[in-house]
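In my numbering, the protein residues as written are 74 to 409. Glycine residues also receive a C-beta, built at the ideal position from the N, C-alpha and C atoms. Note sheet for the following structure.
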C-alpha cells in the first residue's frame, strides 16, 4: 500500500549471493571569490574532468562485459543489490516488490534475474523510487514502468530527466529520457510510502548532490538509503550543473546523522554497507577538506596552487574512487 501527499524478460545472468552483513558542526564558510579566481571546471581542471568522463562512460559506448548483480540480505524484507551503477535496495514481501533506484539500462537483465531469484517468477516491482536523476540510478525506469511499475521521485528529478542536461564535470551532455522513463508521481518536500509492513519516509534535501536528492528511511527496519549523498570512504560527486552545492551536501549529511543511530544500516549510493560511524567519518572529511580549501582561497591562493599542493596525505585514500582529489578541490572552489 502507498500513500502520496496531495502536493505532490527474464535475464540469464548468474546471481551471486553474499552473507548477511553485520548491522552495526562545524559551520562551513565558502567565501565569494574574485571573478578572476572563480574558475570553470572544464577550463582549469579539464584533465580531471576528462578522467571523470572516462570513469563513467555513456551506456551506448560501453562494450565491456557487464558485472554480475550481487544480492545481500539486510533486515526483514530488505535486500541490497549491487551491479554496475548505484546501489539498489529491494523490499520483498506480502505487498509485492518495491525497489529504490534501478542502475543503468543495460543492467536490467541482470537485475531482473536477481529479483526473480528473490521474489519468484512475477518479480516486476510495483513501485520504483529514484533518489535522483542520474542514469546510473534511473536507467531501468523505462523497462520497469513498461511492466507496470509506478515511478516516484522528487519533482526536480522529472524535470531534469525530461530535458537536455549539461554535465561539464563529466564532459557530457545527457539527452532527455523517453517519456515512459519519467517519474509519474512527484513530490516536493517529502512523501510517505507504506509497504511490506514498513513506513518509508522519503525526504528531499535541496542543493546537495543535485537539486533533487532524496533519502529513503525504512523506519521499522532501521535502514537508510542515501543515494549519492554518501560515497563511502570516497570523495563525492557534486553535480553543480544540476543544482548541487558543497554546503548543501554537507548540510544533508548532517541532517541524516541526526536521524540515525548505532544500529542503523546505511546504504550509500556507491560502495559497501555502512554504519553511523562511517557516515560521521565521511562528514569529517567533507567539513575538514572544504574548510581547508575555503581558507586557502580566502587567503588569496589560486585553485591551481591548492590543487598542486593537495589536501594532505591523510585524505589520499579518499581519491581512490571516480572522483580524484583535484576534482573534489574543483567542486569546493566552484560551488555556489
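Backbone CA spacing between residue 188 and residue 406 [nearest angstrom] = Within the chain shown, residue 188 is the residue found at index 115, counting from 1. Within the chain shown, residue 406 is the residue found at index 333, counting from 1. Going by the C-alpha atoms only, they are around 42 Å apart.
ask   = Counting along the chain, where does the beta strand (DSSP E) carrying residue 284 start and finish?
value = Counting from 1 along the chain shown, the entry for residue 284 is found at position 211. Bounds of any beta strand (DSSP E) do not take in residue 284, whose DSSP letter is neither H nor E.
ask   = What is the DSSP secondary structure of residue 182, counted as helix, strand or coil?
value = Residue mapping note: residue 182 aligns to position 109 of the chain shown, counting from 1. Looking at residue 182 - three-state DSSP - the assignment turns out to be helix.
inquiry  = Applying the 10 Å Cβ sphere with the 16-neighbour rule, what's the burial state of residue 386?
reply    = If you number the chain shown from 1, residue 386 lands on position 313. Answer is exposed; the Cβ neighbour count stays below 16.
message = Our contact map puts residue 360 next to residue 323 with C-beta atoms below 8 Å; I'd like the distance itself, whole angstroms only.
response = Taking the first residue of the chain shown as 1, we reach residue 360 at position 287. Taking the first residue of the chain shown as 1, we reach residue 323 at position 250. With 8 Å as the limit, residue 360 and residue 323 qualify as a contact, their Cβ atoms being about 6 Å apart.
task = Evaluate contact between the stretch 237-256 and the stretch 290-301, counting only Cβ atoms and requiring at least three cross-stretch pairs below 8 Å.
result = Fewer than three beta-carbon pairs drawn from the stretch 237-256 and the stretch 290-301 are found closer than 8 Å, and the two stretches are therefore not classed as touching.
ask   = Can you name the start and end residues of the alpha helix (DSSP H) that residue 321 belongs to?
value = The residue given as residue 321 occupies position 248 in the chain shown. Looking at the DSSP string, the run of the alpha helix (DSSP H) that includes residue 321 is 319-332.
ask   = What span of residues does the beta strand (DSSP E) with residue 239 cover, start to end?
value = Counting from one through the chain shown, the residue named residue 239 turns up at place 166. For residue 239, the enclosing beta strand (DSSP E) begins and ends at 238-240.
key: Cβ-based neighbour list, residue 379, same chain, cut-off 8 Å, excluding 5 preceding and 5 following   = As a position in the chain shown, residue 379 is number 306, starting the count at 1. Within the same chain, residue 379 has close Cβ partners 366, 369, 370, 402, 406.
query = What's the C-alpha gap between residue 143 and residue 218?
reply = The sequence position of residue 143 within the chain shown is 70, counting from 1. The sequence position of residue 218 within the chain shown is 145, counting from 1. In this structure, the straight-line span from the alpha carbon of residue 143 to that of residue 218 is close to 23 Å.
query = Is it buried or exposed for residue 390, if we count other Cβ within 10 angstroms and need 16 for buried?
reply = Reading the chain shown from its first residue, position 317 is the one you call residue 390. The residue in question, residue 390, is exposed, as its Cβ has fewer than 16 Cβ neighbours within 10 Å.
query = Which of helix, strand or coil does DSSP assign to residue 200?
reply = Reading the chain shown from its first residue, position 127 is the one you call residue 200. Strand.
ask   = Using the rule of at least 16 other Cβ atoms within 10 Å of the residue's Cβ for burial, across every protein chain shown, is residue 320 buried or exposed?
value = In the chain shown, counting from the first residue as 1, residue 320 sits at position 247. When all chains shown are included, residue 320 counts as buried.
message = Can you tell me whether residue 270 is helix, strand or coil according to DSSP?
response = Residue numbering aside, residue 270 sits at position 197 when the chain shown is read from its first letter. Coil at residue 270, not helix or strand.
query = Where does residue 177 fall in DSSP's three states?
reply = Translated into positions along the chain shown, residue 177 becomes position 104. Three-state DSSP puts residue 177 in coil, outside helix and strand.
ask   = How should residue 120 be labelled, buried or exposed, when 16 other C-beta atoms within 10 angstroms of its C-beta is the threshold for buried?
value = Here the question's residue 120 lines up with position 47 in the chain shown. At residue 120 the pLDDT is 43, less than 50, meaning the model places this residue with poor confidence; the figure from the coordinates comes in the next sentence. Per the 10 Å Cβ criterion, exposed.
ask   = Can you check whether the CB of residue 159 is closer than 7 Å to the CB of residue 415?
value = What the structure shows of the chain is the stretch from 74 to 409, and residue 415 is not part of that stretch, so it cannot be assessed.
key: Close beta carbons around residue 222, own chain, < 7 Å, minus the five adjacent residues each side   = Against the chain shown, residue 222 aligns to sequence position 149. Result list for residue 222: 197, 198, 199, 200, 201, in chain order.
query = How many Å lie between residue 336 and residue 308 at the Cα?
reply = The residue labelled residue 336 in the question sits at position 263 within the chain shown. The residue labelled residue 308 in the question sits at position 235 within the chain shown. So the alpha carbons of these two residues sit roughly 25 Å apart.
key: Cβ neighbour criterion (16 or more within 10 Å) applied to residue 261   = Taking the first residue of the chain shown as position 1, residue 261 is located at position 188. It is exposed - the Cβ of residue 261 has fewer than 16 other Cβ atoms within 10 Å.
query = Thinking C-beta only, is residue 257 closer than 7 Å to residue 213?
reply = Within the chain shown, numbered from 1, the residue matching residue 213 stands at position 140. Within the chain shown, numbered from 1, the residue matching residue 257 stands at position 184. No, these two residues do not count as a Cβ contact at 7 Å.
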